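In full-length UniProt numbering, the protein residues as written are 1 to 397. Here a beta-carbon is modelled for each residue, glycine too, at the ideal position from N, C-alpha and C. Note that this is a predicted model, so its numbers are computed, not measured. Since the structure comes first, as C-alpha cells, the remarks are kept for the end.
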Amino acid sequence: MPRTRILHISDTHLGKRQYGSDIRREDFTNAFEQAIEVAIERDVDAVIHTGDLFDDPVPSLPTVMRAADALKPLEEHGIPFYGIVGNHERKNDEQWLDLLRRTSAAARLGKEPTMVGNVALYGIDAVRPSVWDNIDLELEEPPAEAAWTILCMHELLTPLVHGMGRVYPASEVIERAGINLDGLALGDLHQPASSVVDGTDVWYASATERGGKDQEETGVVQLLDIDNSGIHRRQIELETRPFAVFEIAFGEDDGATHARDVLERHDLEGAVAKIELSGDRAAVTANEVTQMAREAGAAVVSVDDNRGRVDLDVESIEAMSLQGLDGAIEEKLADEDFSTVALDVDQQVRKADELDTNVNRVADSFAESLRDAQREAFDDAGPEETPVGVEPMEADE
C-alpha cells in the first residue's frame with residue numbers, strides 16, 4: 001500500500017494583534033509561512049487546516065492578501081491546501097476560504113469525501129452551540145479506493161478537553177458521522193493532545209503561535225504518514241518568539257530598583273514579556289515597568305497591574321440579595337480614598353435599570369460631574385497650591 005503524507009496545521013489566527021502589537025501580528029503570519037515551508041520541505045501530498053485560519057471574521061485586506069501570498073508556494077509545488085471554518089473567522093455568508101479558493105490552491109472540505117492518495121478527507125465547520133444537538137453530522141460513504149478516512153473539525157471534545165466551556169464527547173461525533181472513521185483531526189485547542197476513542201485516533205494539532213500566556217505547548221504542526229500499518233503522527237516545532245511570563249511582587253517600600261532587579265532575572269531579549277504587578281501600591285507605575293522591560297530588550301510588553309485591588313469577601317455577606325451586595329460594596333468603597341466623581345460613576349453604573357441608554361447623555365453627565373469636581377478642587381486650593389503645568393478647566397472646555 002502506498003504512503004500518503006499530510007501536514008496538519010490549525011489555529012493560525014492570521015491578523016491577530018496580540019497585546020495590541022504589530023510585531024505579534026507579524027509573528028502569527030511568520031509562523032503560518034513556516035508551516036507552509038515545512039509542507040514543501042517534507043514533500044507532503046496535502047495540507048489540512050482545522051480552523052481559525054484568520055483571527056477575525058472580517059480580516060483586513062492586507063491580512064487576506066498575505067495569506068494568499070503564503071499559499072502560492074503550495075500551488076507551485078502542486079500541494080493542495082484543505083481547510084474548514086473555525087469559530088473566530090466564521091461569517092454568515094461566503095467564507096474567506098471560499099475566496100482563497102479562487103486565488104490559490106485552497107479548498108474547503110465538506111461532508112463529501114475529498115481524496116488524497118487513498119485517504120478520504122472530510123470536514124465540518126465550527127458548529128454554533130445552539131444548533132449542535134440538531135445539526136446533521138452524517139458523512140457520505142467513501143469510495144471503494146479509500147483505505148483510510150479522516151474527519152476535520154474545530155470543536156472541543158472529551159476526553160481530550162475538560163473545563164473549557166462547551167465541550168462534546170468525541171464518541172458522539174464518531175457515532176453521528178455514520179461511517180467508519182480512522183482519524184479525527186481537530187482544531188480549537190491551542191496545544192497538542194491525542195487519544196483513541198472507540199477505535200478512532202483523535203488528536204489536536206495545536207496552534208502555530210502562542211495565543212496566551214498559559215499556552216506553553218503551541219508553535220507546532222503535525223506530520224501524518226499514513227500507510228498500511230495506520231496513521232503515524234510526528235510533531236514538528238516551529239521557530240516562534242519566546243515568552244517571559246513572570247510576576248513582580250511589591251512590598252510597601254519597593255520601587256523602581258526592585259522592579260529592575262526582578263527584570264534582570266529574566267532573559268527578555270527579543271521576547272514577549274507578560275508581567276503581572278502584585279502586592280502593595282508603589283511609586284513605580286505600570287508604564288514605567290513597561291519601559292524598563294523594553295530597555296531590557298523585550299520586543300513586546302504587556303503589564304497587568306493588580307496592586308491594591310479591592311477584594312470583597314462575598315462569603316462573609318449574610319444577605320445574598322442584590323441590595324445586600326450593593327450595601328457591602330458601598331461599605332467597602334467607603335473605606336477607600338476614592339473621589340466623589342469616581343463614586344458617582346460607580347453609583348450610575350451599578351443602577352443598571354436607571355442608566356440612560358443614550359451614551360452621549362451619560363458621557364455628558366459624567367463630564368459635568370468631572371468639571372464640577374475640578375472647579376471645587378481648584379477653588380479650595382490657593383494659587384500657590386495649583387500643580388505646575390496644570391490650568392483650571394473652564395466650563396466650556
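DSSP places residue 27 within a helical segment (H, G or I) once states are collapsed to three.
For residue 241, the three-state secondary structure derived from DSSP is coil. A Cβ-Cβ distance of about 4 Å is found for the pair residue 222 and residue 8, placing them in contact under the 8 Å criterion. Within the same chain, 126 come within 6 Å of residue 87 by CB-CB distance, once the 5 residues on both sides are set aside. Residue state for residue 56 is assigned as coil, using DSSP reduced to three classes. Counting C-beta atoms within 10 angstroms of its own C-beta, residue 209 has 16 or more neighbours from the protein chains shown and is therefore classed as buried. If you draw a straight line from the Cα of residue 10 to the Cα of residue 251, it is about 43 Å long. CA-CA distance, residue 194 to residue 204, rounds to 6 Å.
Straight across, the Cα-Cα distance linking residue 35 with residue 244 is about 24 Å.
For residue 174, the uninterrupted alpha helix (DSSP H) run begins and ends at 170-177, by DSSP. Residue pairing by DSSP places residue 274 opposite 245, 302 in a beta bridge. Here residue 195 carries a strand assignment [DSSP, helix/strand/coil]. When beta bridges are read from the DSSP output, residue 149 appears opposite 120. Ranked by Cα distance from residue 237, the first of 216, 246, 280 is 216. Around the Cβ of residue 58, a 10 Å sphere holds fewer than 16 other Cβ atoms; the residue is exposed. Boundaries of the beta strand (DSSP E) around residue 221: 220-227. For residue 258, the secondary structure class from DSSP, reduced to helix, strand or coil, is helix. Here residue 163 is exposed: its Cβ has fewer than 16 other Cβ atoms, across all protein chains shown, within 10 Å.
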